[in-house]
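Colleague: One point on numbering: in the numbering used here, the residue at position 547 of the sequence shown is 597, and numbering is uninterrupted.
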Amino acid sequence: MRRNSLHIIILILAFFAGKQVFAQNTEVSKEQIERSIEELTSRIDAELDYSELLDHFTNLAQYPININIANEEDLEQLMFLNNTQIAALIDFRKKNGDFTSLYEIKNIEGFYMDLVVSIRPYITIAPSRKTSGPKLKSMFKYGRHQLIMRYGRVLEEQKGYLPISDSALAANPNSRYLGDPNKLYLRYKYHYSNKMSIGFLGEKDAGEEFFTGSNPHGFDFYSAHFFIKDQGRLKAVALGDYHLEFGQGLTLWSGLAFGKSAAAIGIQKRQRGVRANTSANENLFFRGGAATFELLQGLDLTAFYSNKNVDAGLTQKDTLNNEEYIFSSITESGFHRTPNEVAKKDAVNEQIYGGNLSYKVKGFRMGATAYKSLYGIDLVKDAAPYQYYDFQGNNNFNAGIDASYANRYLSVFGEFSMSQNGGKALLVGSIFNLHPRLTFSLLYRNFARDYQVFYAVPFSEGSRAQNEKGIYFGAAINTGTHSNIKVYYDMYSFDWLRYRVNAPSHGDEFSFLYENRPNRQVNFNIRYRMENKMLNESNEEVAIRAITNTRKQSLRFHINYSPYHQLQLKSRLEFSQYQQQPEEATHGYLIYQDIQYRPDNFPMKITLRYALFNTDDYDTRIYAYENNVLYRFSVPAYYYQGSRFYILLNYTMNDHFSFWLHFAQTYYSNRTTIGSSLEEIQGNTRSEITAQVRMKF
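(1) Rounded to a whole number of angstroms, what is the C-alpha to C-alpha distance between Y681 and T108?
(2) According to DSSP, is A176 part of a helix, a strand, or is it coil?
(3) May I ask which residues mark the beginning and end of the alpha helix (DSSP H) holding H106?
(4) For E295, write down the residues that DSSP places opposite it in a beta bridge.
(5) Compare the Cα-Cα distances from N586 to each of P632, I576, N569 and report the closest residue.
(6) Can the beta-carbon of I535 be found closer than 9 Å to that of Y564?
(7) With a threshold of 8 Å on Cβ separation, who are the neighbours of R671 within its own chain once the five nearest residues in sequence on each side are excluded?
(8) At what residues does the alpha helix (DSSP H) containing Q135 begin and finish?
(9) Following the continuous beta strand (DSSP E) through D644, name the residue where it begins and the one where it ends.
(10) Excluding the 5 residues flanking G528 on each side, which residues of the same chain have their C-beta closer than 7 Å to its C-beta?
(11) Output needed for N75: all residues of its chain with C-beta closer than 7 Å, excluding positions within five of it in sequence on either side, in chain order.
(12) Does the Cβ of P223 have 16 or more other Cβ atoms within 10 Å, making it buried, or fewer, making it exposed?
(13) Mapping the DSSP letters down to three states, classify N265 as helix, strand or coil.
(14) Could you pull out every residue in the same chain whose Cβ sits closer than 6 Å to the Cβ of F713, ignoring the five residues on either side in sequence?
(15) Going straight from the alpha carbon of F335 to that of R567, what length do you get?
(16) Within 10 Å of its beta-carbon, does M654 have 16 or more other beta-carbons around it, so buried, or fewer, so exposed?
(17) Taking the alpha carbon of L460 as the point to measure from, which residue in L477, I315, F190, H241 has its own alpha carbon closest?
(18) Measuring only the C-alpha atoms, how far is F544 from H556?
(19) Using only alpha-carbon positions, find the residue among S693, H275, Q196 that is nearest to H706.
(20) At what residues does the beta strand (DSSP E) containing S188 begin and finish?
(21) I believe Q318 touches N133 by the beta-carbon criterion, under 8 Å. Please report the beta-carbon distance rounded to the nearest angstrom.
(22) Tell me which same chain residues have a C-beta within less than 6 Å of the C-beta of Q691, skipping the five on either side of it?
(23) Please report the straight-line C-alpha distance between I136 and Y375, rounded to a whole angstrom.
(24) When you compare only the Cα positions, how much space is there between S408 and P435?
(25) What is the rounded straight-line gap between the Cα of M199 and the Cα of I451?
(26) Just to confirm, are Y701 and W710 a CB contact at a threshold of 9 Å?
(27) Rounded to whole angstroms, what is the Cα-Cα separation between I724 and T735?
(28) Determine, using beta carbons only, whether G384 and D255 come nearer to each other than 9 Å.
(29) Would you identify the three-state DSSP class for S225, choosing helix, strand or coil?
(30) How many angstroms separate the CA atom of Q442 from the CA atom of K431?
(31) Let me know the secondary structure DSSP gives D650 once reduced to three states.
(32) Please name the residue, chosen from A498, R194, A506, that lies closest to G520 on a Cα-to-Cα basis.
(33) On the DSSP letters alone, give me the boundaries of the alpha helix (DSSP H) that S168 sits inside.
(34) In chain order, what residues of the same chain have a beta carbon less than 6 Å from the beta carbon of K769, not counting five sequence neighbours either side?
(35) Give me, in chain order, the residues of the same chain whose beta-carbon lies closer than 6 Å to that of L617; leave out the 5 immediate sequence neighbours on both sides.
(36) Should D216 be labelled buried (16 or more other beta-carbon atoms within 10 Å of its own) or exposed?
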């Protein structure tokens, strides 16, 4: 059986190899997609799952938007455009007729050169003949298949995989991982543009079992979905795993969302309603069914139901009946490597049902969302004072209304929400063009300390929509044909205690970004950022720890240079400083050089990075985006002292077969061990390898 399987695989590879079509246009699109994602994510100091973002841009590159017939909803897919720019494009088209050249868009008010370069790969021009959407039969017949297989692991031996005696393991079952150090990922997807998607994925994290023990059926996590949209009055339907995104993320939002970034004016969220879940995130999604129907022109109704189990640590309730349990929080790591972590897997049932009613006409949109959340057992928080106003119980109800309006000069938006206990939350904002070269943004939010919601990702300083007030100012200034300045200032306060903050507190943040593209070969930017906030004093020996002021500053210099089309060079120098009064300030720096080369006569792309870093502590860490295999994104933090090197090889045999190999190694010159607990490595070097194959047919 194994020999027959091997023969089949060899035949498939031989078939693909026989079609030696290097497809330069496809390669250009892939590089543009990488640049688009880096442009959005390199301004964010966090490591998130951006795989769905890549899906989004890949679809746009394969099926670009015809700007001669595109409406507001179509243009909202271009994440680089704000609502005033969308309105300006539509107004320009109405006044001047159809576009005949893509270069015309640079004449639209508010469209500076960097913006034109960013959206160019995802738009096209064709006659403005309206056609009916694709039929279901055509989508099943003419769609595209994609299969991805990935393998990765840390090469050094970590504590969780070291040999251990049976007696020691029996005494402490959580002292060793149950599985091997291999990370495995499998994904299949069939899609037609963004109109239809059918797929599944499986993922095994390092340390988890595979086809044995706690995972007898293979992967630790499985996900599957069916999604279709724009079939007459049926606007969208999702079965299996899906996302919901409404309003400004204050009432209900489960997908990826961006908050503060150096872009400054990108403060308004674009709701997409129902969409498929294609990421490996094991928590932030819904499982069941959802559908959107067009009741009348411009009036849509969405209904949804979700039933899934979530991870949680159970404890026995303090009653005479020892079979009753409670849980204190939902575990979001997604790891199931030890008996303790396995016991938390799928421990609590979660059911969510509700709906959304949305009305849209001529730049105006209004919506109402309401849903009920039910849990199989009671959630009872710990006795920590900062958790006093957190949700407790086994059911919650959330409802909210949102509205927005946009024209070429002004975009206003807002959302008001309430939870079952009466807690309220409000967010209002505006983006306005004072001049073709000057755009301002303003946002105010007020989230009560007792507002309780799980699936919400509004614009905020904190990680939750709770206990926060703030006002944000942003500006984008087009200083010339090839340069711009983006700044923001955010003031916020917390009326109640927070984690590591034993009193009400406040803070502020300032960011300045200068970008310049003097020619097609060179672009550079300078960014300064400062944040002041309050934390408990670091002295743990005192009985009552007072809160003190902290300040973190960073200064970045970055340049991209492409001397010719096969070669791209990226250089960065960044400094950081952190001070918690009354202690001395600590410092850090990062310097790296990237080289990306793709020869004309061979379908291979090579990406290299060598980085040097030196920080006094973790507080002065510096984040930097780095290239990895397709659908895997890294924004690692550099801290302590050492160097990091990585090489990424991407071999594209033809339109059907691609291969990636990524090797990265971090060396710490001032450490004798790396990591902690079961992740600990005895030594000062950590190496990781990732290999991936993609087949398209």
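Think of the CB as a built atom: it goes at the ideal place given N, C-alpha and C, for glycine as much as any other residue.
Note that the structure is a prediction, hence the values are computed from the model and not measured.
Modeller: Answer, in terms of the structure:
(1) Within the model, the alpha-carbon separation for Y681 versus T108 is close to 11 Å.
(2) In the structure shown, A176 sits in coil (DSSP, three-state: anything other than H, G, I, E or B).
(3) 101-112
(4) In the DSSP output, where bridge partners are listed per residue, E295 has W303, G323.
(5) P632
(6) yes
(7) S626, G638, T665, A687, Y688, Y689
(8) 133-146
(9) Run containing D644: 636-647, per the beta strand (DSSP E) assignment.
(10) The residue you asked about is not Gly; residue 528 is Asn in the sequence shown. Excluding sequence neighbours, N528 sits near Y162, R487, N534.
(11) Residue placement at N75 is flagged as unreliable, the pLDDT there being 38, under the threshold of 50; the coordinate-derived value follows with that caveat. There are no such residues.
(12) By the 10 Å Cβ count, P223 comes out exposed.
(13) strand
(14) I697, I739
(15) In a straight line, the C-alpha of F335 is about 39 Å away from that of R567.
(16) Residue environment analysis places M654 among the exposed positions, since fewer than 16 neighbouring C-beta atoms fall within 10 angstroms of its C-beta.
(17) Ranking L477, I315, F190, H241 by CA distance to the CA of L460 puts I315 first.
(18) 6 Å
(19) Q196
(20) Here S188 belongs to no beta strand (DSSP E); instead the alpha helix (DSSP H) covers 186-192.
(21) 6 Å
(22) N664, S719, N720
(23) When rounded, the distance between both Cα atoms is 52 Å.
(24) Near 39 Å, if we compare the C-alpha coordinates of P435 and S408.
(25) 42 Å
(26) yes
(27) 8 Å
(28) yes
(29) helix
(30) Near 7 Å, if we compare the C-alpha coordinates of K431 and Q442.
(31) coil
(32) A498
(33) 163-169
(34) For the chain, the structure presents residues 51 to 747; residue 769 sits outside this window and is missing.
(35) Y647
(36) exposed
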